[in-house]
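Report on the structure given below.
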Amino acid sequence: MTFKNKVIYQIYPKSYLDTTGNGIGDIRGIISKLDYLVELGVDMIWLNPIYPSPQRDNGYDISNYVAIDPTFGTMADFEQLIAEGKKRGIDVMLDMVLNHVSTEHEWFQKALAGDAYYQDFFFIQDEPTDWVSKFGGSAWAPFGDTGKYYLHLFDVTQADLNWRNEHVRQALFEVVNFWRDKGVHGFRFDVINLIGKDQLLKNNPVNDGKAEYTDKPLTHEYLQLLNAASFGQDTASVTVGEMSSTTIENCILYSRPDRHELSMTFNFHHLKVDYADGQKWTKAPVDFEQLKHLFHTWGQDMSEGQGWNALFWNNHDQPRALNRFIDYKNFRIKGATMLAACIHLSRGTPYLYMGEEIGMLDPDFQSMTDYVDIEAKNAYQFLSANGHTPEQAFEIIQLKARDNSRTPMQWDNTVNAGFSTGTPWLATGNHAEINVANDKDGEIFSFYQKLIALRKADTLISDGDYQAAYQDSPHIYAFIREFENRRLLVVNNFSNQEVAFERLAEFDNSEILINNYSSYTDNILHPYQAIAFVYTKNV
Ligand code: GLC
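FYI, the numbering for the sequence shown is -6 to 532, going by the working numbering.
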């Protein structure tokens, strides 16, 4: 299992580097930054969708699975990216959006034109169910003028695919193999735990209908078929499923090696600890107890059940973790390195999201016109119509919008952050102070370099099991890793204050493996200190 010592870096292609001046990042921009990524030490880059798409949901509405959208470049550019990456030991992970297609995809267009073969590619019913779309409103829309309805769990232009139809499965497996033939070894499967839907979809007011389509047993069968028909034979493959509202039990099944489904799973429970009543478009403080509890249960249960977690704080759907979990105005750097230690020393595969390595923050947008994302626009309408003043609604958008992390990568302090010579598709954030030119030799970047190198050098980090520690501490998130006869204690202070700390007796004679402060004082943790102690057991 080759992937356990790897680290994956996520690039939002639209926002990485624009080499044409059209305001949108492109593949050639990514190629030109491969050496930067080599310096950081990552093994694989995950690219958000780069296929032709009307861009209603920023590429997650695909109209052709086997081509490159001209705004990102050409197939030749993509092939060059693979080749240049290979020279440098960097593989590519592609985003596979196999739960739905754009309504502009030819399958949907043929279905609309009356072709029964393609109509069975979708969920088309006489009666809609009571399910709610994840982007707001009903999950059903009129299917042309037929008087019927088609299912869209996301935007109205993202029609859900009927995996029960073996022609659909076959066509999707061929898509994966098309990219494998180009030399792609990594695949991130978008909302893949939603594919196991029943033949006839039924009403269910519980969870807006989620119970009817999430983590259904059929999903596991489909993943086994996908695995056998595509990446399963490739020992270099790395696959990750994005699991919406999932459970540990299911994630163990999705990722346990003997199940032959996926290498690992993303879940999002730890990024909902600042939601009021489980609702995203709300304002609430971080519930640290809940965060700690979630990390410990997922860490331990996945370890015992031989599942494998994808570990992350940031991605293209989340506001920056520094804004959420850290007193970033006073402790941006220590906070960033502490968050890094929490996941890079844990059991699972760490993912960094572009800009995290220099401690990028959310932008300070001042008007709704700065936001581009369909989800944020819908949410603003919804909040305004449901008892919030415009100011209150906007404040929540500022905190929660996905555009927070999608702003252009901050390369330097020149106009548009060195991202583009044109007008960026989304405004840039605070690049005057935070940018690669300033920060590449700084504390955050070099701490990431160390953590990434450690995972490669030390099997305790890549392969050790996970045990919870200091569960009762109100400020400390700590865990123990064990492999063969070595034990590692990782301690993270989530507070902006000094916190009293007593080292576990078994670690009395341990060594410090890594520390985000230059010193360690017994019995005290500095604000946001992250420190790891290691020792070898006498056998
Ligand atoms: C996933 C993607 C998100 C997209 C959605 C629908 O959650 O990460 O960006 O909007 O799926 O494809």
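For glycine and all other residues, C-beta sits at the position ideal for the given N, C-alpha and C.
Asked: Under a three-way DSSP split, which group does Trp100 fall into?; Found: helix
Asked: Please find out if some non-hydrogen atom of the ligand GLC comes closer than 7 Å to the beta-carbon of Phe115.; Found: no
Asked: How should Ala450 be labelled, buried or exposed, when 16 other C-beta atoms within 10 angstroms of its C-beta is the threshold for buried?; Found: exposed
Asked: CB-CB under 7 Å to Glu72, same chain, minus the five flanking residues each way: which ones, in chain order?; Found: Lys175
Asked: Using only alpha-carbon positions, find the residue among Phe171, Tyr528 and Leu444 that is nearest to Gly34.; Found: Leu444
Asked: Taking contact to mean 3 or more Cβ pairs, one atom from each stretch, closer than 8 Å, check whether the segment 25 to 32 and the segment 72 to 84 are in contact.; Found: yes
Asked: Skipping 5 residues on each side, what residues in its chain have a beta carbon closer than 6 Å to that of Ser296?; Found: Arg340, Asp458 and Tyr459
Asked: What are the start and end residues of each continuous beta strand (DSSP E) run of 3 or more residues lying completely inside the segment 29 to 96, in chain order?; Found: 37 to 40, 84 to 89 and 93 to 95
Asked: Under the criterion of a Cβ to heavy atom distance below 7 Å, does His309 qualify as lining the ligand GLC?; Found: yes
Asked: If you check the beta carbons only, do Ile524 and Asn502 fall under 8 Å apart?; Found: no
Asked: Within this structure, are the beta carbons of Lys26 and Leu10 separated by less than 8 Å?; Found: yes
Asked: Mind checking who Trp133 pairs with in its DSSP beta bridge?; Found: Leu144
Asked: The ligand GLC heavy atoms versus the CB of Val233: any closer than 7 Å?; Found: no
Asked: So the candidates are Thr529, Ala471, Tyr215 and Ala446; which of them puts its Cα closest to the Cα of Asn(-2)?; Found: Ala446
Asked: CB-CB under 6 Å to Leu105, same chain, minus the five flanking residues each way: which ones, in chain order?; Found: Gly137
Asked: For Glu350 and Asn431, what's the separation of their Cα atoms in angstroms?; Found: 12 Å
Asked: With 16 other CB atoms within 10 Å as the buried threshold, where does Tyr5 fall?; Found: buried
Asked: Can you give me the Cβ contacts of Arg479 inside the same chain, cut-off strictly under 6 Å, excluding the 5 residues immediately before and after it?; Found: Leu453 and Thr529
Asked: Would you call the CB atoms of Thr330 and Phe440 closer than 8 Å?; Found: yes
Asked: So, for Ile517: in the same chain, excluding its five sequence neighbours on each side, which residues have a beta-carbon less than 7 Å away from its beta-carbon?; Found: Glu491, Ala493 and Phe494
Asked: Suppose contacts are defined by Cβ-Cβ distances below 8 Å. Is Gln3 in contact with Tyr247 by that definition?; Found: no
Asked: Taking its Cβ as the centre, do 16 or more other Cβ atoms sit within 10 Å of Ile505, making it buried, or is it exposed?; Found: exposed
Asked: Let me confirm a value: His253 is counted as buried when at least 16 other C-beta atoms fall within 10 Å, else exposed. Which label applies?; Found: exposed
Asked: Consult DSSP for Ile507 and reduce its assignment to one of helix, strand or coil.; Found: strand
Asked: Since Glu235 sits in a beta bridge, which residues does DSSP pair it with?; Found: Phe259
Asked: Count the other CB atoms, across all protein chains shown, that sit within 10 Å of the CB of Met68; report buried if there are 16 or more and exposed otherwise.; Found: exposed
Asked: Report the three-state DSSP secondary structure of Phe288 (helix, strand or coil).; Found: helix
Asked: What is the DSSP secondary structure of Leu338, counted as helix, strand or coil?; Found: coil
Asked: Output yes or no for whether 8 Å exceeds the beta carbon distance between Gly225 and Ile185.; Found: no
Asked: For Phe472, write down the residues that DSSP places opposite it in a beta bridge.; Found: Ala461 and Val483
Asked: What did DSSP end up calling Val266 once you bin it into helix, strand or coil?; Found: coil
Asked: For Ala152, which option in Ala204, Ser95, Phe182 and Glu120 has the closest C-alpha, if you only look at C-alpha atoms?; Found: Ser95
Asked: Ignore the nearest five residues each way along the sequence and tell me which others in Leu91's own chain have a CB closer than 6 Å to its CB.; Found: Leu165
Asked: Would you mind sorting Ala410 into buried or exposed? The rule is 16 or more other CB atoms within 10 Å of its CB.; Found: buried
Asked: In whole angstroms, what is the alpha-carbon distance linking Ala314 and Ile43?; Found: 25 Å
Asked: Is it the case that the CB of Gln299 approaches a heavy atom of the ligand GLC more closely than 7 Å?; Found: no
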